[in-house]
Each structure stands twice: as structure tokens, then as C-alpha cells.
Amino acid sequence: MNATMSGHPPNTDRPTSVRWTVFSMAFATSVLLYLHRYVFGFLKPTLSKDWGLSATELGELDSAFSICYTVFQFPLAVAADAFGVHVVLTTLMVIWLGGMGLMAWAPSARMFWYAQALLGTGQSAVYPCLSRIGRYWFPPNVRTTLQGTVGVLAGRLGALGASLLFGSLLLGIFNLDWRTSTWILVALGVVHLLWFAIVFRDLPRKHPSVNEAEARMIEGDESSVAGSTLPPMARITTGQLLRTMSPRSLINLICLSMQSLLSTFADNIYSNWMPLFLAQVHHVDFKTMGIYSAMPLLGGAIAGLLGGYLNDHFIARTGNRRWSRVGVAFAGKGAAALLMLAALLVYDRPYLFCVVLFFVKLFGDWSLATSWGVVTDIGGRASASVFAFNNSVASIGSIAAPIAFGHIADHYGWKNVFATVAATYLLCALSWLAIDCTIPVLGNSQDEDHTA
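For any residue, its number in my numbering is found by taking its place in the sequence shown, counting from 1, and adding 97.
Here you go:
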């Protein structure tokens, strides 16, 4: 059957560009994920005042999200490996938008807890799904850069949107109430959901608009392994994943997951606490709060591009994949630890403090693209499951951090919260020395991708 009769465009020397449409969908998904997730940080000052909630109680609402995010992430990511991203990610977006809608309606802290739990469930396996999209839709030579762009740059731009769009514009300048502002974000999510559900396909060769030239470009050097195309998506169970792992690969995966836990713990200060800190300590309004909170997130957005580029650059330059990745991540987290301590010297000057946090987040976040790259290296066709395992362990940090930071803020002051973040960055930097991205999770007999 020729390409035209099969529904695909005719073969030409010039590849089609469907991969960029898929990239745009993945990018937009990541933006919306963080835009919606960071909204709660800007609701904390209002909920604290209207419902009389302490920082500790607000942290417990954060944990409702994190607990469900952690519990459901791995099984739903395994479902993505088994049944494909299209059906799983579409379902997840429906659930997360339901959580956002329930949040906008919630009349009490108890109902708000359920809204956070539903939102956490819906967002739980989104990044494992995006990791799998990266594995099958991005060419190998630029994969880490594009994954860093989707996973870090897009996410941080979404967080910026929460600060500037939701905080400064909707709440501050337009003076809308928080429920109306939240419904506006739900409407944006529904539009994106429909776009993804209609246009996306799990594999390039399953998309009717992808020609042979584009399919081969995406497969790159991997097309020479086990035939002329990437192996089709095959179901892999959790039991198969565990049985094929060697003790060395299991320890390596645990080390990767532990650094992700530490990184997530530290990152919680930006996602959930900056608006409340600025309101309680420096008494800023919503407009100013959004601008100041956006500064660190802008650093994180830049890091998404920079980290992925540095990984691909040093791998190409040195030919040493392991130490290129370790070097980039270690330097970033180490610099973030030192700069966070330096920020405490200007703690009483909120604008300057947030400017220094811009650089903390810049260095701290460029290792996130490295984490995505390592997951792709070691995960092969189980990349969504591996990403989910790593992210599930990391999510323990997002459960512990709200409780820890709320308790520390209530009883020991905000300075000690930021000092805790600095110590966490240092431990995270040291943990990278034990990670080896050349050790595949699946044995060669189970995984034909050989991406490591």
C-alpha cells in the first residue's frame, strides 16, 4: 500500500513538521500544569484571612494535592506505557480540570481539600506522559534540549503566568475575586484539552500527517537498532520492570529518585509559599506580590533552555554522557545552595531578596533537564514508568515540604525556612555524584532501544 492510500502524505525528501505541533501541545500542557498548580499559592493569603487558617493548616491543604499526586502517579504512568499517552493524558486533563472547578466552587476548607486531592490525581502522571512523548516524538540529538524546554521552561512559564496573570493581573489590576479568576483558568484548560484530544497520536507513524522522512528524522540513529523503525509500544507490567532490573540498576534508580525528592522539597518554597511569605513578612499587595514572586520563576524558565543545551553540548563535546550530566547538575545545585545563603543577607529588602532568588532558581533548575535526560537514557520503552517511579519518590518531598515549611514558619520564622532550602540544595548536589545515566533499567533482552 502506498503512502497516499494509507492516509499518510506521500514520501518526499522533505520531512513534514507534525513533530512541532506535538511539541507545541506538550509545551502548552506543561504551561497549564504549572499555571493551575501555582494558583493555590496566591489563594493562601486570602484563605488565611477569610477562613482563619494557619500556615500549618495551609500546608496540610498542599499535602492533599501531593499525596494523591504521589499515590496515583506510578500506576497511571504504567497505564500510559501500556495503553498509550493519548487516552491516559486526555483522561488526566479531564480529572485535573474537574479539580480546578471544584476549587473555584469550594465553600469550605474541607471541600477545598477534596479539590486539591482531585487536582493532584489529575496532574499526577502528566509529566511521565510528556516524557514518553519526548521519547517517541523528539530526535535523539536534540531530545534533552527539547525535554528541558517542555519540562522546565514551559513549566516555569506557567508558574510565571500564575504570578503575573492570576496574581498581578486578575486579582491585582482587574480586582476580580479569586473564584472568578480560577474559572477563567479552567476555561483555558478546556480549550487545550479539546485540541490535544483531537490532534495528538501516540507515535509518529500512527499520525496521518507524518511522512516517512519525518518519521526517520525523529527516530534518528535509533532507527538502526533492531530494524528500520523504533520498536512499537508494547505493554510492560510492573512485575516485568522489577524482574529485569539488576541490583546495580535499582540502586542507580533509587539515587536518581532521592535527588529528585530533595529537589522537589526545595522547590516547594517557590510553588506554594512565596506569596504568603511576602504578604506576612513584607505586607505587599497582590500586584506587587505577583511581580516579586515571578522573579525566581523567570530564572527557572531560563534554566529550562540553558540546562538542556548544556547537557547536549557537553555530551557532544566530551563524548562522556555520564559525567556531562553529573557535572551540569552538580554545579547547578551547588551554586543554588551558596546563593540561597547569600540571599539571606538581604532578607529584609524584598525586591533585592527576590532578585537573588532569580539566580538561585536559575542554577537550581538547570539540573531538571538533566533529570529528564537521565530518565530517557535509562528508561527506554519503559520511560513513562521510570519517570513515574522517580517522580513518585520525588513527590514525597512535596508532601513533606508543606508540612515542614508551614511548621518552621509558624514556630521558627521564615529565615529558617530559606536556610532549610539551602541545606537541601547542598544535599541534592552531592547526591548527583552517585548517579550513572549509562546503566539501563531494563535488561537488553527486555529493551531494544539502547538509549543509554
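Note that the Cβ used here is the ideal one computed from N, Cα and C, for glycine as well.
Taken atom to atom, the span from the alpha-carbon of residue 421 to that of residue 307 is near 33 angstroms.
For residue 237, there is no enclosing alpha helix (DSSP H), as DSSP gives it neither H nor E. Taking the Cα positions, residue 477 is about 33 angstroms away from residue 499.
Judged by their CB atoms, residue 534 and residue 464 are not nearer to each other than the 9 angstroms cut-off. The residues 391, 394, 395 and 398, in chain order, have a CB closer than 7 angstroms to that of residue 257 in the same chain once the five nearest residues on each side in sequence are set aside.
Here residue 142 has 372, 373 and 376 as same chain residues with Cβ atoms under 7 angstroms from its own Cβ, once five neighbours each way along the sequence are excluded. If you draw a 10 Å sphere on the C-beta of residue 304, you find 16 or more other C-beta atoms in it, and that means buried. Here the alpha carbons of residue 509 and residue 231 stand approximately 43 angstroms from one another.
9 angstroms or more divides the Cβ of residue 311 from the Cβ of residue 136. In terms of Cβ geometry, residue 255 and residue 401 do not form a close pair [threshold 9 angstroms]. Across the structure, residue 342 and residue 537 are spaced so that their CA atoms are roughly 8 angstroms apart. For residue 165, the enclosing alpha helix (DSSP H) stretches over residues 152 to 180. For residue 286 against residue 355, the beta-carbon gap comes to about 33 angstroms, at or over 8 angstroms, which does not count as contact.
Contact between residue 226 and residue 185 holds, with the beta-carbon distance rounding to 6 angstroms and staying under 8 angstroms. If you draw a straight line from the Cα of residue 494 to the Cα of residue 170, it comes to about 14 angstroms.
In the three-state scheme derived from DSSP, where H, G and I count as helix and E and B as strand, residue 538 is classed as coil. In this chain, residue 366 is not harboured by any alpha helix (DSSP H), its DSSP state being neither H nor E. For residue 265, the secondary structure class from DSSP, reduced to helix, strand or coil, is helix.
DSSP, reduced to helix, strand and coil, places residue 422 within a helical segment of the structure shown. The DSSP assignment places 480 to 508 as complete runs of the alpha helix (DSSP H) inside the segment 458 to 518, in order along the chain (cut-off: 4 residues). Distances from the alpha-carbon of residue 361 to those of 274, 517, 147 and 273 put 517 closest. With contacts defined by Cβ atoms closer than 9 angstroms, residue 211 and residue 201 do not form a contacting pair. Look at residue 349 here: in three-state DSSP terms it is helix. In the DSSP assignment, residue 210 falls within the unbroken alpha helix (DSSP H) covering 206 to 220. When 125, 473 and 162 are compared, the shortest CA-CA separation from residue 138 is found for 162.
The alpha-carbon separation between residue 504 and residue 153 amounts to approximately 5 angstroms. Note on geometry: alpha-carbon atoms of residue 237 and residue 457 lie some 30 angstroms from one another.
The beta-carbon separation of residue 466 and residue 128, rounded to 16 angstroms, does not stay under the 8 angstroms limit for a contact.
Rounded to whole angstroms, residue 405 and residue 205 show a C-alpha spacing of 42 angstroms. Counting along the chain, no alpha helix (DSSP H) covers residue 203, and no H or E run does either. Between residue 502 and residue 369, the gap from beta carbon to beta carbon is short of 9 angstroms. Comparing alpha carbon positions, the residue from 123, 367, 178 and 282 closest to residue 486 is 178.
The criterion of a C-beta distance shorter than 9 angstroms is not satisfied by residue 385 and residue 241. Sixteen is the threshold: when 16 or more other Cβ atoms of the shown chains lie within 10 Å of the Cβ of residue 412, as they do, the residue is buried. In this structure, 189 is the residue among 199, 245, 246 and 189 with its C-alpha nearest to the C-alpha of residue 221. Per the C-alpha coordinates, the member of 470, 350 and 271 positioned closest to residue 383 is 271.
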